[in-house]
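Here is the structure we will look at.
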Amino acid sequence: MQVALDRLPDDDARRHAILRDYFCDKDASVVRTPDSWSLTLSWPGAPERHIDPDLDVGLDWWGGIRREDMALAWRRDGRLLRCLYDSWTLASWAHWLERRGPNALEAVVILHVDDHRDLGSPRLVDEGSTWRDLISGRECDLRVPTSIIAAIESGAIGMGSFMTPFLAVAPRAEVRHLCQPPKALRTQDFEIRRTTKPDDLLEPGAPRLDVELLLVAPSLGPGQYRMTPSIDDWLSGIDGRPILLHVDMDYFCNRFDGDSDWASRAERLDPSPEVIHRRIDDIVEALNAHGVVEQIEDVVVAFSPGFFPAKLWSQADERLTRGLRLDGKRAG
302 MQVALDRLPD DDARRHAILR DYFCDKDASV VRTPDSWSLT LSWPGAPERH IDPDLDVGLD
362 WWGGIRREDM ALAWRRDGRL LRCLYDSWTL ASWAHWLERR GPNALEAVVI LHVDDHRDLG
422 SPRLVDEGST WRDLISGREC DLRVPTSIIA AIESGAIGMG SFMTPFLAVA PRAEVRHLCQ
482 PPKALRTQDF EIRRTTKPDD LLEPGAPRLD VELLLVAPSL GPGQYRMTPS IDDWLSGIDG
542 RPILLHVDMD YFCNRFDGDS DWASRAERLD PSPEVIHRRI DDIVEALNAH GVVEQIEDVV
602 VAFSPGFFPA KLWSQADERL TRGLRLDGKR AG
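In terms of the numbering used here, the sequence shown opens at residue 302 and continues consecutively.
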């Protein structure tokens, strides 16, 4: 992959920061040639790139995989998809759309349980009827699950940007985002606005998919995004609509938040295992009490290495999937 010399600074630290911000989940190694920068992308495997000291505990529970393979790790068991990186949520939704057809997008509700919004701009160019992967150059289309999988594998769709492509083709989708303090202190409602942002590295000016949230008066309905710490506000008024449930385990504990300086942060979401288990039980009980469990057509559980502590993966998975009656034997 070649990038013009004037698009990256000569200073190593500044260049590294720009590349980390642009490619997010992937590492970019750089070689300067006479007329360009030559970039090589790879999934991070070096121990110093992973901040959880107990990461091997989780990887052993998963089945014993290498750090550089975490980004591609997922397992399907009926309507449940488990993954380490929650970018795979979009692949699961693409398969759901393939099964259900486009009419299902008119009324779908996304129950988003996460310490992050995941509304970043993926490295996908809006070309009208389809998208183009800026990293691989391949066409990408939510109606073609294999193309979504390819864009996740290339790094064009990442952990923090997987929801944006779905909302780009589902303007009437309603998102209910359950998030704990300190990131969510009260219930807020937003209008979802689909937009684009100009690329600033691989193809400067190319219109990348993007989403903006416009704060509005308290309201629910199609095209709305509710962010709330209240489980009751999260589940109110869903009625009989189809539900896609996404659970990022960092909602329950985001000890690291992807930050190597996590231990010095004054405010962080880092409760005890007992509090985590109670919160899982609270969500399961609320889903059952509101009568929406049977409306859930697809479930994704993401374990988020570098955010949710790996030594907690096993117990949290068992408690959540058992509570939602998804506790069949884990696939492969």
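From the three backbone atoms N, C-alpha and C, an ideal C-beta is built for every residue, glycine too. On a predicted model such as this, the values are computed, not experimentally measured, just so you know.
Item: Output needed for P543: all residues of its chain with C-beta closer than 8 angstroms, excluding positions within five of it in sequence on either side, in chain order.; Value: R401, A405, A408, V409, V410, Q596, E598
Item: Quick one: using the 10 Å Cβ neighbour count with 16 as the cut-off for buried, is Q481 buried or exposed?; Value: buried
Item: Tell me, which residues are paired with I597 by DSSP?; Value: I544
Item: Within this structure, are the beta carbons of R495 and L515 separated by less than 8 angstroms?; Value: no
Item: For I319, collect the residues of the same chain with a Cβ closer than 8 angstroms to its Cβ; drop the 5 residues on either side in sequence, then sort them by chain order.; Value: L309, P310, L502
Item: What does a CB cutoff of less than 6 angstroms around L621 pick up in its chain, not counting 5 residues either side in sequence?; Value: I581
Item: Is it the case that the region 415-423 contacts the region 350-361, given that we only count it when at least three CB pairs across the two stretches are under 8 angstroms?; Value: no
Item: Can you tell me whether D490 is buried or exposed? The criterion is at least 16 other CB atoms within 10 Å of its CB, across all chains shown.; Value: buried
Item: By Cβ distance below 7 angstroms, which residues in the same chain neighbour I577 in space, the five residues on each side in sequence not counted?; Value: F553, C554, L613, A617
Item: Could you have a look at K612 and say whether DSSP puts it in helix, strand or coil?; Value: helix
Item: Roughly how many angstroms separate the alpha carbons of K630 and R380, rounded to a whole number?; Value: Residue placement at K630 is poorly supported in this model, since its pLDDT is 41, which falls under 50; the coordinates still yield a value, given next. Going by the C-alpha atoms only, they are around 13 angstroms apart.
Item: Expressed to the nearest angstrom, what Euclidean distance is found between the alpha-carbon atoms of F604 and M550?; Value: 5 angstroms
Item: Report the start-end ranges of each beta strand (DSSP E) in the region 386-441 that is 3 residues or longer and not cut off at the edges.; Value: 410-414, 425-427, 432-434
Item: Measure the CB-CB distance between R368 and G346 and report whether it falls below 8 angstroms.; Value: yes
Item: Three or more beta-carbon pairs under 8 angstroms between the region 529-539 and the region 447-458, yes or no?; Value: no
Item: One question on the structure: do F463 and L391 come within less than 8 angstroms of each other, judged by their Cβ atoms?; Value: yes
Item: Look at the alpha carbon of G639 and the alpha carbon of E586, and state the distance between them as a whole number of angstroms.; Value: The chain is shown only over 302 to 633; residue 639 falls outside these bounds and no answer can be derived.
Item: Among M302, P348, R509, D328, which residue has its Cα nearest to the Cα of S337?; Value: M302
Item: State yes or no: is the C-beta of V414 within less than 8 angstroms of the C-beta of H317?; Value: no
Item: Could you check if S430 is buried or exposed, using at least 16 other CB atoms within 10 Å of its CB as the buried criterion?; Value: exposed
Item: Could you check where the beta strand (DSSP E) with A567 kicks off and where it finishes?; Value: Run containing A567: none; DSSP gives neither H nor E here.
Item: Would you kindly report the start and end of the unbroken beta strand (DSSP E) that includes H478?; Value: 475-479
Item: If contacts are defined as beta-carbon pairs under 8 angstroms, then I352 and F557 qualify, I think. What distance do you get, rounded to the angstrom?; Value: 5 angstroms
Item: Can you give the Cα-Cα distance for G633 and A314, rounded to whole angstroms?; Value: Residue placement at G633 is flagged as unreliable, the pLDDT there being 28, under the threshold of 50; a coordinate-derived value is accordingly withheld.
Item: State the start and end residues of the unbroken beta strand (DSSP E) segment that holds T496.; Value: 489-499
Item: How many Å lie between L344 and A518 at the Cα?; Value: Per the sequence presented here, residue 344 reads as Trp, with Leu not at that position. Distance between the alpha carbons of W344 and A518 is about 42 angstroms.
Item: Straight-line CA distance for I539 to P499?; Value: 36 angstroms
Item: Under 8 angstroms by Cβ, that's how I've got T497 and P508 pegged, so tell me the actual separation to the nearest angstrom.; Value: 4 angstroms
Item: Here's a check: name, in chain order, each residue in its chain whose Cβ is nearer than 7 angstroms to the Cβ of L373, leaving out the five neighbours to either side.; Value: E454
Item: Tell me, to the nearest whole angstrom, how far the beta carbon of W389 is from that of V602; I am working on the premise that it is less than 8 angstroms.; Value: Their Cβ separation, rounded to whole angstroms, is 10 angstroms, which puts W389 and V602 out of contact at 8 angstroms.
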